[in-house]
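Step one of this worksheet: look at the structure below.
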Amino acid sequence: GRSLLEEVESFERCVVESLERKKRGGGARARMNLDFKINRYLEECQELVKRCSESQLGNFIQAEKERIQHGGVSEFYAEKRKITEYFAKFPNATNQVDVLETSMAKGDVTPAWRGEERQGKYLDLNALFNSFLNLKNINRVTYLEYLDNIDNLVGIDIAKVKSQLGYKTYLLQLVEYLVSFHNRAQALVVLDLKTVEEQFEENWGRGTVVGWERKTFKPIPTAKELENTLSSEALAKELVVRGKKTGGNAQQRAERLHFVLTLPDTLDGTTKKKLKKNRLFDSKDVALLEAKVQYLTEKLSDYIDATKTFVTRRQTRTLEELQREEEEELEREAQDDEDEDALYQDEPDEDKLVISNPWNLPLDYDGKPIPLWLYKLHGLGIAYKCEICGNYTYWGRRAFDKHFKEWRHQHGMQTLGIPNTKHFHDITKIDEAKKLFEKLEQSIKTKTFDQDDGEEFEDSQGNILSKKVYMDLLRQNLL
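Per my numbering: the sequence shown = residues 1115 to 1593.
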């Protein structure tokens, strides 16, 4: 027990030392590697605390007794003989172990990255993109379009696509990869997937999960009442969001929906067999995976944006430009390595330094103000106010451009009854948005082909007539 507590204290000191190094600055990659190491120290510490608790409860002692009974004594004497032989050969060797040094060595690891991830800068979704394209009835898109809509799962057809086993497999792999990337790139940021699951359970019970909305029937109507109150398409929708088959006519769909709504808590063999026969797919499991994807993509939104920029840059650069950028990136990574080495050099009394910020610049992740040139480059002193977002102010052009796809602007457009399409990018005034929407509607109407006026006919004398005039003359036998 005492040795375990000593190890716990050593890992705590490792965490403190790593945090002190992190405060000294360094490159982005160096800081990310430190976060990963700190997370490893914390995991080791938690495991040791758990073992200490088990030891106090007697479980650990019982496990040791069982190990000894199954040949542990022979292992003990074999280890003792090795130690005796070692110190007989090296009598001047120290018999003390530096616990702190051992603990530091356990956490001295760096995250493993794929080539496309560029040391944690970008996401590598190429394999998942191919899996997505291999799904049946899916629209063909480019990799950049896939990245743009990776979290837009509402528009995918439930019956044609989401009911496939391959779609669920794709979502499982996507969630697994996003969690893995997050744990490597942001090791100290905790993912609260348990809360996501709890909120999902609550929304699913109410039938309000976005894209999976379903009616709650109280009291439960009869099959005939369902057939009379709901259309055949509405019945099909209610069935498919519950993961049930949608075939047959309106009467059969109503009977199937009534059977699902009246299922008892305990099922007999006949009911289970009938339920299995009507089952299409696990709709709740698929909807939960979609909720996790939404949560994870929101957490990794900056990395997704960086990946889109990187993909666009590769598509618009020549081979020479790409090679030159690759060399510059390697130089920056080498500088990051130097910065990481600098983290391990002692710089006393740095905490006592007063950081000057006369321009009131935004603070960087290390608590220091960002450079003035960077502040001016991104226009962070320029305010953009959006009336559609409730007169919310965005600082800098990048934040302003990004907000058109965020929930606040989308909610404002939805309240106005206007679709949030690319036509309304840079539109922040409510009146301007309404006028543009009316203009677009009018333009669509004028471009719509009118068969009566647009379609032309020729009579026996070679005269060109519209369809309406031609049909009138034909009915009067004047042709």
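Glycine residues also receive a C-beta, built at the ideal position from the N, C-alpha and C atoms.
**Request:** Could you tell me which residues DSSP puts in a beta bridge with residue 1570?
**Result:** 1580
**Asked** Of the choices 1514, 1478 and 1276, whose alpha-carbon is the least far from that of residue 1540?
**Response** 1514
**Asked** Under a Cβ-count criterion, where at least 16 other Cβ atoms within 10 Å of its own Cβ denotes burial, should residue 1352 be classed as buried or exposed?
**Response** buried
**Asked** From the DSSP output, which residues share a beta bridge with residue 1500?
**Response** 1506
**Prompt:** With which residues is residue 1477 paired in a DSSP beta bridge?
**Reply:** 1483
**Prompt:** Is the Cβ-Cβ distance between residue 1410 and residue 1289 less than 8 Å?
**Reply:** yes
**Message:** Tell me the rounded alpha-carbon separation between residue 1484 and residue 1472.
**Reply:** 12 Å
**Asked** Does the distance from the C-beta atom of residue 1354 to that of residue 1252 stay below 8 Å?
**Response** no
**Asked** Do you know whose CA, among 1571, 1230, 1577 and 1534, lies nearest residue 1585's CA?
**Response** 1571
**Prompt:** Roughly how many whole angstroms lie between the Cα atoms of residue 1203 and residue 1157?
**Reply:** 37 Å
**Request:** Use the C-beta contact count for residue 1578: other C-beta atoms within 10 angstroms, 16 or more gives buried, fewer gives exposed.
**Result:** exposed
**Asked** To which residues of the same chain is residue 1573 closer than 8 Å at the C-beta, ignoring the five residues directly before and after it?
**Response** 1579, 1584, 1587 and 1593
**Message:** For a test of the three-state rule: what should DSSP assign to residue 1155, helix, strand or coil?
**Reply:** helix
**Asked** Could you give the C-beta distance for residue 1609 and residue 1527, rounded to a whole number, given that I count them as a contact under 8 Å?
**Response** The structure shown does not extend to residue 1609, since the chain spans only 1115 to 1593, so no value can be given for it.
**Asked** So which of 1350, 1360 and 1368 has the shortest CA-CA distance to residue 1339?
**Response** 1368
**Item:** Outcome for residue 1200 when other beta-carbon atoms lying within 10 angstroms are tallied against a minimum of 16
**Value:** exposed
**Message:** Can you list, in chain order, the residues of its chain with a C-beta nearer than 7 Å to that of residue 1436? Leave out the 5 residues immediately preceding and following it.
**Reply:** 1428
**Prompt:** So which of 1295, 1275, 1406 and 1256 has the shortest CA-CA distance to residue 1232?
**Reply:** 1295
**Message:** By the three-class DSSP mapping on this structure, what secondary structure does residue 1130 have?
**Reply:** helix
**Asked** Looking at the unbroken alpha helix (DSSP H) that takes in residue 1418, where does it start and where does it end?
**Response** 1415-1430
**Assigned secondary structure, residue 1121 (DSSP; H/G/I helix, E/B strand, else coil)** = helix
**Request:** In the DSSP assignment, find the alpha helix (DSSP H) that holds residue 1227 and state where it starts and stops.
**Result:** No alpha helix (DSSP H) holds residue 1227; DSSP gives it neither H nor E.
**Prompt:** With a CB to CB cut of under 6 Å and the five nearest residues on each side skipped, what residues in its chain are close to residue 1333?
**Reply:** none
**Prompt:** Enumerated in chain order, which unbroken segments of the alpha helix (DSSP H) with a length of 4 residues or greater are wholly contained in the stretch 1265-1328?
**Reply:** 1279-1299 and 1307-1320
**Request:** Quick one: give me the first and last residue of the alpha helix (DSSP H) that residue 1246 is part of.
**Result:** 1240-1247
**Item:** Cut-off 6 Å between Cβ atoms - residues of its own chain near residue 1493, not counting five sequence neighbours on either side
**Value:** 1510 and 1511
**Message:** Counting C-beta neighbours from all protein chains within 10 Å, is the total for residue 1343 16 or more, i.e. buried, or is it exposed?
**Reply:** exposed
**Request:** Could you spell out the range, first to last residue, of the alpha helix (DSSP H) harbouring residue 1363?
**Result:** Careful: residue 1363 lies outside any alpha helix (DSSP H) and carries neither H nor E.
**Request:** Could you check the C-alpha separation between residue 1535 and residue 1395 for me, to the nearest Å?
**Result:** 33 Å
**Request:** Could you please give the first and the last residue of the uninterrupted alpha helix (DSSP H) stretch that includes residue 1342?
**Result:** 1337-1343
**Message:** So, under 8 Å CB-CB, residue 1242 and residue 1287 are touching, yes? Tell me the CB distance rounded to an integer number of Å.
**Reply:** 6 Å
**Item:** Where residue 1236 falls: helix, strand or coil (DSSP)
**Value:** coil
**Request:** Just mark residue 1192 as buried or exposed, buried being the case when its beta carbon has 16 or more other beta carbons within 10 Å.
**Result:** exposed
**Message:** Please list the terminal residues of the continuous alpha helix (DSSP H) segment that includes residue 1529.
**Reply:** 1521-1530
**Message:** What does the alpha-carbon distance come out to for the pair residue 1326 and residue 1357?
**Reply:** 10 Å
**Request:** Reducing DSSP to helix, strand and coil, say where residue 1538 ends up.
**Result:** helix
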